[in-house]
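Heads up: the structure comes next, in structure tokens.
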Amino acid sequence: MLESGITLNGRYLLTRRVGGGGMGEVWRADDTVLRRTVAVKVLQPALSEDPTFLRRFQNEARAMATLNHPGVVDVYDYGTCEVAERQVSFLVMEFVEGESLDRVLRRGPLSQADTMRLVVEVAGALAAAHAQGIVHRDVKPANLMVRAGGEVALTDFGIAHSASAGQLTATGAMLCSAGYCAPEMATSSDVTPAVDVYALGVVAYECLTGRLPFEGDTPVQIIFKHLHAPVPELPAEVAPGPRQVVTRAMEKAPERRWASAALMAQAARRALDSPDAITAPAPAATVPATASAAAVTTGGGTGATADTIAGTAGGTTTPRRRALSAVLAITAAVAVTAGVAGIVWMRPAETSGQSGVVPPVTQQEPRTTTSGPAPSDSGRPVPPTKKTPAPQPSTGTSTPTVPAPSATATVTPTVTPTVTPTVEPPSEPEPEPSEEPSTSEPPAPTVEPTATEPPGEIQCIRTPCP
Numbered sequence: 000m001l002e003s004g005i006t007l008n009g010r011y012l013l014t015r016r017v018g019g020g021g022m023g024e025v026w027r028a029d030d031t032v033l034r035r036t037v038a039v040k041v042l043q044p045a046l047s048e049d050p051t052f053l054r055r056f057q058n059e060a061r062a063m064a065t066l067n068h069p070g071v072v073d074v075y076d077y078g079t080c081e082v083a084e085r086q087v088s089f090l091v092m093e094f095v096e097g098e099s100l101d102r103v104l105r106r107g108p109l110s111q112a113d114t115m116r117l118v119v120e121v122a123g124a125l126a127a128a129h130a131q132g133i134v135h136r137d138v139k140p141a142n143l144m145v146r147a148g149g150e151v152a153l154t155d156f157g158i159a160h161s162a163s164a165g166q167l168t169a170t171g172a173m174l175c176s177a178g179y180c181a182p183e184m185a186t187s188s189d190v191t192p193a194v195d196v197y198a199l200g201v202v203a204y205e206c207l208t209g210r211l212p213f214e215g216d217t218p219v220q221i222i223f224k225h226l227h228a229p230v231p232e233l234p235a236e237v238a239p240g241p242r243q244v245v246t247r248a249m250e251k252a253p254e255r256r257w258a259s260a261a262l263m264a265q266a267a268r269r270a271l272d273s274p275d276a277i278t279a280p281a282p283a284a285t286v287p288a289t290a291s292a293a294a295v296t297t298g299g300g301t302g303a304t305a306d307t308i309a310g311t312a313g314g315t316t317t318p319r320r321r322a323l324s325a326v327l328a329i330t331a332a333v334a335v336t337a338g339v340a341g342i343v344w345m346r347p348a349e350t351s352g353q354s355g356v357v358p359p360v361t362q363q364e365p366r367t368t369t370s371g372p373a374p375s376d377s378g379r380p381v382p383p384t385k386k387t388p389a390p391q392p393s394t395g396t397s398t399p400t401v402p403a404p405s406a407t408a409t410v411t412p413t414v415t416p417t418v419t420p421t422v423e424p425p426s427e428p429e430p431e432p433s434e435e436p437s438t439s440e441p442p443a444p445t446v447e448p449t450a451t452e453p454p455g456e457i458q459c460i461r462t463p464c465p
């Protein structure tokens, strides 16, 4: 796009191209006014004519200019000029003597101490950005510059999100590098500092192992793994302290990660000093130590409360299951749009037993003539009944829907069986039918005939109803 020897705005002389990407190029240049070496990031001419990308580029300049932290590359200037009859926009930054972290990792993984030291510095820089309401959204080795003395500086805020910047992308667009993309970046439009914590956890994982935790042939495959696949185990030689710093940062649910970049920096510092110590802070006094994770509900979670939940909860919590269930449903729609329909499927839960079957109500005990309360199955007394002549109790069940008949009444079962049994009237008035049917007829129906009357007419013999 550009050539060495070109001077931008009559001040910045381009001397050597040091990097580039889809959005533009980075040049080493000489500031002819202040006599110092600078880095100039030039936006692609075509993108300079796109209002959306131009505004994003301007936001990067403003975002970096508001930060004053040794872990963030300084911004000196921003401008536009005409090059080869085309308008270009550029950003002038501090030139870092060193190399990017991705080049360092090409030579092999880092030690545990160097990895924790890197996490301390980068998390501190992210905490400064988050305090200004800025989320980087693209933390990765290519955007981390390792200075000659070993210090690390965060750069390239090209897709940073500011709470005051407004919506810069079309609905449904996702801006992140697939290998370091937090799960919620693919399923939600809400951007929180937790996405930077997750990405830094992936960077630390790569520093310790020399490889990314999730790989695939396409960005869709990689992001799908970020959403659903468990994080591969770190090597056995990784001490408990660094291990927890990384694994907690890479939790699928944002509320289970380090509650802030500052807390992650503190944990990494403790892991650097005491690698064999668990780095999770003690539970907050407001949350009982014996409380189960399922009993605590949080939203995004802030401060010590969210940090304690993530540090003390054992196993999978109810909020986590609920969050992952929502992610599964949203990912199914995304997968269909991307042409990978069928990779997410759901089936209804299996239920035991048959629904809609109401067990029959049977009388467990005959009515008595005593006025005192009789014990029920549940141990509660039954209100006393009236003193009425009671027949010899039968072993069958009483039909609760039929009131006590008169001496001449004939009791007919509510359900007519295949052969209707006869009922012998007693020699004297009795409120209930005889226990045994006539021997000349087929056997009587079961003691629990199926009632055809509406359930609402069933009356309970005992109180309370079983």
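To convert, note that position 168 of the sequence shown is 167 in numbering that gives the first Met the number 0; the numbers rise steadily by one, no gaps.
Even for Gly, the Cβ is constructed at its ideal location relative to N, Cα and C.
Option in the options with minimal Cα separation from residue i
i: T14; options: V145, F213 and F94; result: F94
i: V121; options: A266, D272 and S273; result: A266
i: R242; options: T191, F156, R269 and L46; result: R269
i: E232; options: D29, L211, L153 and L100; result: L211
i: N58; options: G78, D195 and H68; result: G78
i: S110; options: A258, T246, E236 and D195; result: E236
i: S273; options: A112, D76, E2 and L66; result: A112
i: F56; options: L117, E2 and V41; result: V41
i: Q131; options: P253, P234, T65 and C80; result: T65
i: L46; options: L262, M22 and R34; result: M22
i: A264; options: T114, E254, C206 and P253; result: T114
i: G19; options: A141, P253 and E48; result: A141
i: L262; options: G149, H68, E150 and V119; result: V119
i: H68; options: A258, S188, E150 and V82; result: E150
Proximal residues to residue i (C-beta, below 7 Å), its chain only, five neighbours per side dropped
i: R27; result: T14, R15, V17, T36, A38 and F94
i: Y197; result: A181, A248, M249 and R256
i: I221; result: A177, G178, F213, E214 and G215
i: C175; result: R136, D137 and M184
i: D539; result: With the chain running from 0 to 465 in the structure shown, residue 539 is simply not present.
i: A260; result: A122, L125, A126, H129, P192, D195 and V196
i: V230; result: P212, T246 and M249
i: P253; result: E183, T191, A193 and G299
Distance, residue j Cα to residue i Cα
i: V87; j: F223; result: 37 Å
i: T6; j: L12; result: 4 Å
i: L271; j: G215; result: 32 Å
i: A124; j: A193; result: 14 Å
i: A152; j: A203; result: 15 Å
i: F89; j: A276; result: 47 Å
i: A450; j: K251; result: Model confidence at A450 stands at a pLDDT of 45, short of 50, so the residue's coordinates are unreliable; what they give is reported in the following sentence. When rounded, the distance between both Cα atoms is 54 Å.
i: V71; j: F52; result: 22 Å
i: L1; j: E24; result: 9 Å
i: G107; j: G209; result: 6 Å
i: V91; j: A60; result: 9 Å
i: V134; j: V190; result: 7 Å
i: R469; j: F156; result: Outside the shown range of the chain (0 to 465) lies residue 469, about which nothing can therefore be said.
i: P218; j: L117; result: 27 Å
i: P239; j: L104; result: 23 Å
i: C206; j: E84; result: 44 Å
i: P44; j: T154; result: 22 Å
i: D76; j: R34; result: 15 Å
i: A258; j: V244; result: 12 Å
For residue i, the first and last residue of its enclosing alpha helix (DSSP H)
i: R102; result: L100 to L104
i: L125; result: Q111 to A130
i: F223; result: P218 to H227
i: G200; result: A193 to T208
i: T246; result: P239 to A248
Range covered by the beta strand (DSSP E) that runs through residue i
i: G23; result: G23 to D30
i: Q265; result: From DSSP, Q265 is part of no beta strand (DSSP E) but of the alpha helix (DSSP H) over A260 to D272.
i: V37; result: R35 to L42
i: A64; result: Run containing A64: none in the beta strand (DSSP E); it sits in the alpha helix (DSSP H), P50 to A64.
i: G148; result: Segment: none, G148 is in no beta strand (DSSP E) and carries neither H nor E.
i: R15; result: Y11 to G19
i: G78; result: V74 to V82
i: R256; result: Element bounds for R256: n/a, residue is neither H nor E.
i: L90; result: R85 to E93
Same chain, Cβ closer than 6 Å to residue i, neighbours up to 5 away in sequence not counted
i: Y179; result: K139, A198 and V201
i: M63; result: V74 and F156
i: G4; result: none
i: E48; result: none
Spatial neighbours of residue i in its chain, beta-carbon cut-off 8 Å, leaving aside the 5 residues before and after
i: E96; result: R146 and A147
i: C80; result: L7, N8, Q86, V87 and F89
Using 8 Å as the Cβ pair cut-off and three pairs as the minimum, do the segment 134–145 and the segment 95–102 touch?
The segment 134–145 makes contact with the segment 95–102: 3 or more CB pairs, one atom from each, lie closer than 8 Å.
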